[in-house]
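1 is the number of the first residue of the sequence shown in the UniProt record's numbering; add one for each residue after it. Comments concern the structure below.
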Amino acid sequence: MDSDSELEVGPGFVTYCCYHTNVYNTSFLGTDVYLSYTLGSLVELPGLLLVLFGLDTLGRRWPMVIVTGVAGIVGILSILFRNGSHVSVLVLSLLMRVCLTAEYDTIMQYSAEVYPTVLRGRGLALLRFAGTLSLYVSPPIVYLSRLDPTYPMLITGVMSLVLSILSLFLPETKGKHMPQTLQDGELFGADQRILDFPCLGDKGEPTRCDSPNASAAVSC
């Protein structure tokens with residue numbers, strides 16, 4: 001349970017930080033700020049659609065891994081365009097926004113399902129607190145764009161890529177009974193394999209939290 005909590009609070013901090021850094025950095029991309037903000041708002045819709053259809057199809061864990069991985073790769077690749085046109089950097093930033101929007105909404109859904117009922121409120125409050133702390137980290141990252149417009153994207157890209165790897169170790173919650181007690185939280189996802197794919201019906205070994213004796217009764 002402690003490791004799951006750490007793997008939720010950490011992603012919460014990183015997700016908030018990366019998302020808000022991307023939003024704030026819109027003003028420093030060298031393009032028209034009004035056009036950049038308008039396009040940034042529009043591309044959030046595809047991110048929301050990814051969440052809408054992805055969570056029920058692929059589960060929670062793999063969409064988290066995929067969108068953070070893509071955001072990380074795009075952010076790191078931005079260093080190749082440091083001497084390119086502002087438009088190319090804007091396109092990469094918008095692509096990151098799609099992934100970060102999906103990541104942001106996924107972590108909100110995911111975290112509520114990982115914490116057991118007796119700790120869910122406190123767990124979500126802790127995640128929000130970690131997210132609020134990240135708002136103090138975002139501005140310094142954004143102002144690195146005065147040195148190079150791709151630095152904020154590079155930093156958030158590295159953070160997203162690390163988060164993608166860590167997300168592999170989170171328990172899948174799709175189709176699972178939500179943990180109710182601390183014991184359920186300890187057992188939740190204990191028998192899960194890293195390469196389990198809910199969309200393929202491959203659930204691996206039954207998780208002990210799903211046993212008839214478990215107190216969990218609500219499925220995700």
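Backbone N, C-alpha and C fix where the C-beta goes; we use that ideal spot for every residue, glycine too. Note that the structure is a prediction, hence the values are computed from the model and not measured.
Boundaries for R82: no alpha helix (DSSP H) harbours it, and the DSSP string shows neither H nor E there.
Scanning its chain for C-beta atoms nearer than 6 angstroms, with the 5 sequence neighbours on each side dropped, one finds around A71 the residues M96, C99, L100, S160, in chain order. By the CB criterion at 9 angstroms, D105 and V43 fall outside the cutoff. If you check the CB distance, E103 and V67 come in under 9 angstroms. Fully enclosed alpha helix (DSSP H) runs of no fewer than 4 residues occupy 86–114, 117–134, 138–142 of the region 72–148, in order along the chain.
Around the CB of Y34, fewer than 16 other CB atoms lie within 10 Å, so the residue is classed as exposed. The beta carbon of I73 sits closer than 8 angstroms to the beta carbons of G157, L161 from its chain, once the five residues preceding and following it are set aside; these are given in chain order. In this structure the region 75–89 does not lie against the region 128–135, because fewer than three pairs of beta carbons, one per stretch, are closer than 8 angstroms.
Sixteen is the threshold: since fewer than 16 other Cβ atoms of the shown chains lie within 10 Å of the Cβ of F53, the residue is exposed. Closest in alpha carbon position to R82, among G10, T150, G69, is T150.
When the beta-carbon positions are compared, L170 and V114 come within less than 9 angstroms of each other. In its chain, beyond the 5 residues on either side, P63, T106, Q109, K174 have a beta carbon closer than 8 angstroms to the beta carbon of L55. For the set K176, Y143, Y24, P116, the Cα lying nearest the Cα of L182 is the one of P116. Burial is judged here by how many other beta carbons sit within 10 angstroms of a residue's own beta carbon; I155 has at least 16 and is buried.
Between T31 and L90, the beta carbon gap of about 5 angstroms places them in contact (Cβ cut-off 8 angstroms). A straight-line Cα-Cα distance of about 23 angstroms links G10 and Y143.
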